[in-house]
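Chemist:
Protein chains: 4
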Amino acid sequence: MKDGFMYEELKEAVCGANIELQKQKLVIYSWGNVSGIDRKAAVVAVKPSGVAYDKLTPDKIVLLDFDGNVLEKNLKLSSDTPTHLELYRNFKDIGGVCHTHSPSATMWAQACREIPCLGTTHADYFYGPIPVTDMMTEEEIKNDYELNTGKVIVKRFANIDPMQIPAVLVANHGPFTWGSGPAGAVEAAVVLEQIAATALGTILINPNMNPIGKKLLDKHYLRKHGKDAYYGQKSK
Amino acid sequence: MKDGFMYEELKEAVCGANIELQKQKLVIYSWGNVSGIDRKAAVVAVKPSGVAYDKLTPDKIVLLDFDGNVLEKNLKLSSDTPTHLELYRNFKDIGGVCHTHSPSATMWAQACREIPCLGTTHADYFYGPIPVTDMMTEEEIKNDYELNTGKVIVKRFANIDPMQIPAVLVANHGPFTWGSGPAGAVEAAVVLEQIAATALGTILINPNMNPIGKKLLDKHYLRKHGKDAYYGQKSK
Amino acid sequence: MKDGFMYEELKEAVCGANIELQKQKLVIYSWGNVSGIDRKAAVVAVKPSGVAYDKLTPDKIVLLDFDGNVLEKNLKLSSDTPTHLELYRNFKDIGGVCHTHSPSATMWAQACREIPCLGTTHADYFYGPIPVTDMMTEEEIKNDYELNTGKVIVKRFANIDPMQIPAVLVANHGPFTWGSGPAGAVEAAVVLEQIAATALGTILINPNMNPIGKKLLDKHYLRKHGKDAYYGQKSK
Amino acid sequence: MKDGFMYEELKEAVCGANIELQKQKLVIYSWGNVSGIDRKAAVVAVKPSGVAYDKLTPDKIVLLDFDGNVLEKNLKLSSDTPTHLELYRNFKDIGGVCHTHSPSATMWAQACREIPCLGTTHADYFYGPIPVTDMMTEEEIKNDYELNTGKVIVKRFANIDPMQIPAVLVANHGPFTWGSGPAGAVEAAVVLEQIAATALGTILINPNMNPIGKKLLDKHYLRKHGKDAYYGQKSK
Chain A
1 MKDGFMYEEL
11 KEAVCGANIE
21 LQKQKLVIYS
31 WGNVSGIDRK
41 AAVVAVKPSG
51 VAYDKLTPDK
61 IVLLDFDGNV
71 LEKNLKLSSD
81 TPTHLELYRN
91 FKDIGGVCHT
101 HSPSATMWAQ
111 ACREIPCLGT
121 THADYFYGPI
131 PVTDMMTEEE
141 IKNDYELNTG
151 KVIVKRFANI
161 DPMQIPAVLV
171 ANHGPFTWGS
181 GPAGAVEAAV
191 VLEQIAATAL
201 GTILINPNMN
211 PIGKKLLDKH
221 YLRKHGKDAY
231 YGQKSK
Chain B
1 MKDGFMYEEL
11 KEAVCGANIE
21 LQKQKLVIYS
31 WGNVSGIDRK
41 AAVVAVKPSG
51 VAYDKLTPDK
61 IVLLDFDGNV
71 LEKNLKLSSD
81 TPTHLELYRN
91 FKDIGGVCHT
101 HSPSATMWAQ
111 ACREIPCLGT
121 THADYFYGPI
131 PVTDMMTEEE
141 IKNDYELNTG
151 KVIVKRFANI
161 DPMQIPAVLV
171 ANHGPFTWGS
181 GPAGAVEAAV
191 VLEQIAATAL
201 GTILINPNMN
211 PIGKKLLDKH
221 YLRKHGKDAY
231 YGQKSK
Chain C
1 MKDGFMYEEL
11 KEAVCGANIE
21 LQKQKLVIYS
31 WGNVSGIDRK
41 AAVVAVKPSG
51 VAYDKLTPDK
61 IVLLDFDGNV
71 LEKNLKLSSD
81 TPTHLELYRN
91 FKDIGGVCHT
101 HSPSATMWAQ
111 ACREIPCLGT
121 THADYFYGPI
131 PVTDMMTEEE
141 IKNDYELNTG
151 KVIVKRFANI
161 DPMQIPAVLV
171 ANHGPFTWGS
181 GPAGAVEAAV
191 VLEQIAATAL
201 GTILINPNMN
211 PIGKKLLDKH
221 YLRKHGKDAY
231 YGQKSK
Chain D
1 MKDGFMYEEL
11 KEAVCGANIE
21 LQKQKLVIYS
31 WGNVSGIDRK
41 AAVVAVKPSG
51 VAYDKLTPDK
61 IVLLDFDGNV
71 LEKNLKLSSD
81 TPTHLELYRN
91 FKDIGGVCHT
101 HSPSATMWAQ
111 ACREIPCLGT
121 THADYFYGPI
131 PVTDMMTEEE
141 IKNDYELNTG
151 KVIVKRFANI
161 DPMQIPAVLV
171 ANHGPFTWGS
181 GPAGAVEAAV
191 VLEQIAATAL
201 GTILINPNMN
211 PIGKKLLDKH
221 YLRKHGKDAY
231 YGQKSK
């Protein structure tokens, strides 16, 4: 068994990102979880199940290997863990995963409708519409439900780069987001919530509004991402 | 007359649950009330009528028996008390009742439309749609209005297990919720308010959205409730 | 000239009620005003024009007689003062008037649509729909606009008891509310804002919803108002 | 190179106005920027790119001349700077410019629909509808995008006085506002956000609502602006 003390930093980052969920008003009670990964060590850190954010401390974060084996004796882990692990196994560049039931993103997920890219705020963060997964089949729900939640997400991203669209709406359920680390996954969740709310207002004002053009999408996404980015104090 | 000092814990729980209503922004002014019951002692504790939450202390909580007889000389009791008592008499497993006019749940109650189960957030707490009562008849309104409010709720639950759907919308009025104790009744009210708001957004985005399937409803409700629950640090 | 020191209590009540507008989030900047009246002394106290609520102190409140003559040398008075005075002259039992641009009430005022009584929350405070005035004519706007704003309100209440419906929507503009004193006028504004928001949600969920029946309206209004009231710690 | 110490006051005003964006909840993360100008000295002060409002101090504000040449060695400037400069060059009386992605104003911008003047709250600040720009062409997006954003705004104001309508919605994007200084530009952004939210509610309640008449628009705008203004403690 590996030494838990080696991963203090990972535990702190994951703990802090979970607490941020509450601060950003994305969650009530224990309705959300953030995980992080140390890819070199092949260690994943997840939230314990049903623990209030006020009571969360780094020592309560649970450490796992890629197959979900617990590395330290600890609290019971988040029931959504198999979804997180499936995303880490398939999206090779992500370092953090976040799941919430934030109201506006959940409205779109429940409506089983992708969020079209209706403006530059969306384009600044997401290089296209926020996809919605297929509804899960009875078979997928019956056994290994949380693992299969991960699989329907991965399937939906067959032709999408997850680093360019770091968010998905699970049909009938809610959003998952990710990023280069736990904090980035939470930032994606915050931004998703705001663009979801704004998109709803937009279609109420103009039900026939089309998504923005490809050139404007490119301009906004690429001025913030990739080798030609020119936003912020240094290129990311 | 029974000794009021025996029920300090019940009074404190009911007082705290009422104050929580304001903290959770479910109420303004004195628009809501929570009660609790000690079934062994057959004592019910209710909020005094029209008292501000800021001014509420355990000694102001009113103790009653099942028939509504006041057990301690105290403040005038909440005018909604007969509704609470009717629920305690008929829903044998509940330990707390909560009534608010929280905006989103009240929108559905005023629209006289049940809240369909449109997603897993709803299914995590409620094992089906949130029912709406019949509109009350002139006769039911004229005499014993508050008692009859309880009766129309009980009638609506003729074929529903109140522990599986711990909430109702009284037509033209607002929500009542309940739980194993006063705090649980308030938690149900908080969750109801959020799913009511999310459901409204969902039908604005997709007016023809169907409720989620039975298998997904079962999966989410049963992973949190009953003997096979696997959410949280211990089975409830 | 009368002694301003005689009206310290009135000034304090009006000052506090204005500050409450901001605390209750009904206003931004200086978008609202509350006045009060001492009917025995025939003195009205109004907010000075354009003063921030943070900077408002009782000594800045302006005292007037019924005809609008300033009784103390002081700051310039609220431009809405002639509206307030017209209401005091015609609604003999009111002791406070409040005007805001609170968002939800303003939505209905701008839509020139009365707020139907869609539920018991509304009926607990207002004995019928919240009326909307006629749109003002060019003539009424051109001269004595603020006085005429009062006149269109009074005209709208020709067959309504202002103590039973302590609120109005001025068409294209926003709400005025009143009460037995300045604090009551603000309470009416807070409640109006909440029922306006809830009514909007109700008609989005069910566009064809009818107002509640007369019996339910009577029950809720009369259990809180008038000689047979039984809500609260004493009859009002 | 000019002495940066000469512009302490300008830097402080611009810094404070940027921090106000966050306080007024118009922005999350670093999604907005405010600039100011000293026209006599021909010096513009802008926000550094991507800096959090919590970390912003006057010494981080970047000073430029009218052509965008940096006057002091400092942080990289806001990527929206060319838009601000184009507005200063063309709107001769403005002293501050503000850009946000505030949700309600962005809903209208994304819907590519001007905000009609539906009430007196709007008329108190803006002398007509809030215009929306043309959608930008591929050519305008491809090169000098931020400069061209300024140009489409200026083009839209060919027949509008920017001091009478201190706000615009850039199609598919969001609002820009301005004023006599940085603080005034932020105030216009706050008011725009509120009237955008209220206008959405208004058209949901009454989809066929017409804008208010010219006489009412004149009355409200002109009682607060221009030589005949009579609102506030002194004419502005």
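Chains as they are written, first to last, in the numbering used here: chain A, 1 to 236; chain B, 1 to 236; chain C, 1 to 236; chain D, 1 to 236. Beta carbons are placed, not taken as given, at the ideal position from N, Cα and C, and that holds for glycine. All of these numbers come straight from a predicted model, not from anything done at the bench.
1) With DSSP as the reference, please indicate the residues paired to Ala189 of chain D in a beta bridge.
2) Can you look up Trp31 of chain B in the DSSP assignment and give me helix, strand or coil?
3) In whole angstroms, what is the alpha-carbon distance linking Lys151 of chain D and Met136 of chain D?
4) Quick one: any contact between the stretch 110–117 of chain D and the stretch 60–80 of chain D, if contact means 3 or more CB pairs under 8 Å?
5) Output needed for Ala105 of chain A: all residues of its chain with C-beta closer than 6 Å, excluding positions within five of it in sequence on either side, in chain order.
6) Taking Gln22 of chain A as the query, report the chain D residues whose CB atoms sit under 7 Å from its CB, ordered along the chain.
7) Within a Cβ cutoff of 8 Å, which residues of the same chain sit near Val51 of chain B, ignoring the five residues on either side of it in sequence?
8) Just to confirm my understanding: we take Asp218 of chain B, look at its own chain, exclude 5 residues before and 5 after, and list those with CB closer than 6 Å. What are they?
9) Starting from the beta carbon of Asn172 of chain D, find every residue of chain A whose beta carbon is closer than 7 Å, and list them in chain order.
10) What does Gly68 of chain A reach in chain D if we use C-beta pairs closer than 7 Å?
11) Taking DSSP as the reference, what is the three-state secondary structure of Asp218 of chain B?
12) Quick one: what's Ala77 of chain B bridged to in DSSP?
13) Taking DSSP as the reference, what is the three-state secondary structure of Gly150 of chain C?
14) In the DSSP assignment, find the beta strand (DSSP E) that holds Val170 of chain B and state where it starts and stops.
15) What would DSSP say about Gly96 of chain C, mapped onto helix, strand or coil?
16) Is the stretch 165–174 of chain B in contact with the stretch 197–212 of chain B, if contact means three or more CB pairs nearer than 8 Å?
17) Using three-state DSSP, classify Pro182 of chain C as helix, strand or coil.
18) Give a yes or no on whether the minimum CB-CB distance between Pro131 of chain C and chain D is below 8 Å.
19) Does the CB of Gly50 of chain D have a neighbour CB from chain C at under 8 Å?
20) In the DSSP assignment, the alpha helix (DSSP H) including Leu10 of chain A goes from what residue to what residue?
21) Looking at the C-beta of Glu114 of chain C, does it have a partner C-beta in chain D at a distance below 8 Å?
22) Under the DSSP definition of a beta bridge, which residues are partnered with Thr177 of chain D?
23) What is the DSSP secondary structure of Ile203 of chain D, counted as helix, strand or coil?
24) Is the beta carbon of Asp134 of chain B sitting closer than 8 Å to the one on Tyr221 of chain B?
25) Where Val190 of chain D and Val34 of chain D are concerned, what is the direct C-alpha to C-alpha distance, given to the nearest angstrom?
26) Leaving out five residues on either side along the sequence, give the residues of the same chain with a beta carbon under 7 Å from the beta carbon of Arg223 of chain D.
27) Which residues share a DSSP beta bridge with Gly36 of chain D?
28) So, are the CB atoms of Cys15 of chain C and Pro82 of chain C less than 8 Å apart?
29) Please check if any C-beta of chain D sits within less than 8 Å of the C-beta of Lys292 of chain C.
30) Could you please tell me which residues of the stretch 139–166 of chain A, in chain order, have their CB closer than 8 Å to any CB of chain B?
31) Does the Cβ of Asn148 of chain D have 16 or more other Cβ atoms within 10 Å, making it buried, or fewer, making it exposed?
32) In the DSSP assignment, find the unbroken beta strand (DSSP E) run with Val62 of chain D in it and report its ends.
33) Can you tell me which of B:Pro103, B:Val43, B:Gly213 puts its alpha carbon nearest to the alpha carbon of Pro6 of chain B?
34) Give me the residue from D:Ile160, D:Leu216, D:Phe91, D:Ser180 with the minimum Cα distance to Ile141 of chain C.
35) When you compare the CB of Ala197 of chain C with every CB in chain B, is at least one pair closer than 8 Å?
36) Where does Ile160 of chain A fall in DSSP's three states?
Modeler: Inspection of the coordinates gives the following:
1) By 1-based counting over the fourth sequence, the position of residue 189 of chain D is 189. Partner residues in a beta bridge of Ala189 of chain D, as assigned by DSSP, do not exist.
2) Translated into positions along the second sequence, residue 31 of chain B becomes position 31. Shown here, Trp31 of chain B sits in coil according to DSSP, grouped into three states, outside any helix or strand.
3) One-based indexing of the fourth sequence puts residue 151 of chain D at position 151. One-based indexing of the fourth sequence puts residue 136 of chain D at position 136. Looking at the backbone, the Cα of Lys151 of chain D and that of Met136 of chain D are separated by about 10 Å.
4) With a cut-off of 8 Å on Cβ pairs, the stretch 110–117 of chain D is not in contact with the stretch 60–80 of chain D, counting fewer than three such pairs.
5) For the purposes of this step, residue 105 of chain A is taken as the residue at position 105 of the first sequence. Sequence-distant Cβ neighbours of Ala105 of chain A in its own chain, meaning closer than 6 Å and more than five residues away, are Pro175, Leu192, Glu193, Ala196.
6) Reading the first sequence from its first residue, position 22 is the one you call residue 22 of chain A. At a beta-carbon threshold of 7 Å, none of the residues of chain D lie near Gln22 of chain A; the nearest stands roughly 16 Å away.
7) Against the second sequence, residue 51 of chain B aligns to sequence position 51. Within the same chain, Val51 of chain B has close Cβ partners Ser30, Lys60, Leu75.
8) Taking the second sequence and counting its residues from 1, the one referred to as residue 218 of chain B is at position 218. Same-chain partners within the cutoff: there are none.
9) Residue 172 of chain D sits at position 172 when you count from the first residue of the fourth sequence. Listed along the chain, the chain A residues whose CB falls inside 7 Å of the CB of Asn172 of chain D are Gly119, Thr120, Ile212, Leu216.
10) For this step, residue 68 of chain A is matched to residue 68 along the first sequence. The contacting residues do not exist; Gly68 of chain A stays about 34 Å from chain D at best.
11) Residue numbering aside, residue 218 of chain B sits at position 218 when the second sequence is read from its first letter. DSSP places Asp218 of chain B in helix when its eight states are reduced to three.
12) Here residue 77 of chain B refers to the residue found at position 77 of the second sequence. Just to set this straight, residue 77 of chain B is Leu in the shown sequence, not Ala. Within the DSSP secondary-structure output, Leu77 of chain B pairs in a beta bridge with B:Pro48.
13) Residue numbering aside, residue 150 of chain C sits at position 150 when the third sequence is read from its first letter. If DSSP states are grouped into helix, strand and coil, Gly150 of chain C belongs with the helices.
14) What you label residue 170 of chain B is simply residue 170 of the second sequence in a count that begins at 1. Residue range 167–170 is occupied by the beta strand (DSSP E) that includes Val170 of chain B.
15) In the third sequence, the residue the question calls residue 96 of chain C occupies position 96. Annotated three-state conformation of Gly96 of chain C is strand, per DSSP.
16) No, the stretch 165–174 of chain B does not touch the stretch 197–212 of chain B.
17) Looking up residue 182 of chain C in the third sequence gives position 182. If DSSP states are grouped into helix, strand and coil, Pro182 of chain C belongs with the helices.
18) Here residue 131 of chain C refers to the residue found at position 131 when the third sequence is read from its first residue. Judged by the 8 Å Cβ criterion, Pro131 of chain C is not in contact with chain D.
19) Position 50 of the fourth sequence, counting from 1, holds the residue named residue 50 of chain D. No - not a single Cβ of chain C is within 8 Å of the one on Gly50 of chain D.
20) The sequence position of residue 10 of chain A within the first sequence is 10, counting from 1. In this chain, the alpha helix (DSSP H) harbouring Leu10 of chain A covers 8–23.
21) The residue you call residue 114 of chain C lines up with position 114 of the third sequence. Not one chain D Cβ lies under 8 Å of Glu114 of chain C.
22) Taking the first residue of the fourth sequence as 1, we reach residue 177 of chain D at position 177. BP columns for Thr177 of chain D point to D:Cys98, D:Ala167.
23) Indexing the fourth sequence from 1 puts residue 203 of chain D at position 203. Ile203 of chain D: helix per DSSP, three-state reduction.
24) Within the second sequence, residue 134 of chain B is the residue found at index 134, counting from 1. Within the second sequence, residue 221 of chain B is the residue found at index 221, counting from 1. Inclusion of Asp134 of chain B and Tyr221 of chain B in the CB contact set at 8 Å is not warranted, their separation being larger than that value.
25) In the fourth sequence, residue 190 of chain D corresponds to position 190, counting from 1. In the fourth sequence, residue 34 of chain D corresponds to position 34, counting from 1. Val190 of chain D and Val34 of chain D have their alpha carbons spaced roughly 13 Å apart.
26) Counted from its first residue, the fourth sequence places residue 223 of chain D at position 223. Sequence-distant partners of Arg223 of chain D (beyond 5 residues in either direction) whose C-beta falls short of 7 Å from its own C-beta, in its chain, are Ala229, Tyr230, Tyr231.
27) On the fourth sequence, position 36 is the one that residue 36 of chain D refers to. In the DSSP secondary-structure assignment, Gly36 of chain D is bridged to D:Ala45, D:Gly96.
28) Your numbering for residue 15 of chain C matches position 15 in the third sequence. Your numbering for residue 82 of chain C matches position 82 in the third sequence. No, Cβ-Cβ distance for Cys15 of chain C and Pro82 of chain C is not below 8 Å.
29) Coverage of chain C is limited to positions 1 through 236, which leaves residue 292 of chain C absent and any answer about it impossible.
30) Against chain B - using a Cβ distance shorter than 8 Å - the residues of the stretch 139–166 of chain A are Ile141, Lys142, Tyr145.
31) Here the question's residue 148 of chain D lines up with position 148 in the fourth sequence. When all chains shown are included, Asn148 of chain D counts as buried.
32) Within the fourth sequence, numbered from 1, the residue matching residue 62 of chain D stands at position 62. Where Val62 of chain D is concerned, the enclosing beta strand (DSSP E) stretches over 62–64.
33) Residue mapping note: residue 6 of chain B aligns to position 6 of the second sequence, counting from 1. Residue 6 of chain B is actually Met in this sequence, not Pro. It is B:Val43.
34) Taking the third sequence and counting its residues from 1, one reaches residue 141 of chain C at position 141. Taking only the C-alpha atoms, the option nearest Ile141 of chain C is D:Leu216.
35) Sequence index remark: in the third sequence, residue 197 of chain C carries index 197 (1-based). Among the residues facing chain B, Ala197 of chain C is included, as its CB has a counterpart in that chain under 8 Å away.
36) Indexing the first sequence from 1 puts residue 160 of chain A at position 160. In this structure, Ile160 of chain A counts as coil in the three-state DSSP scheme.
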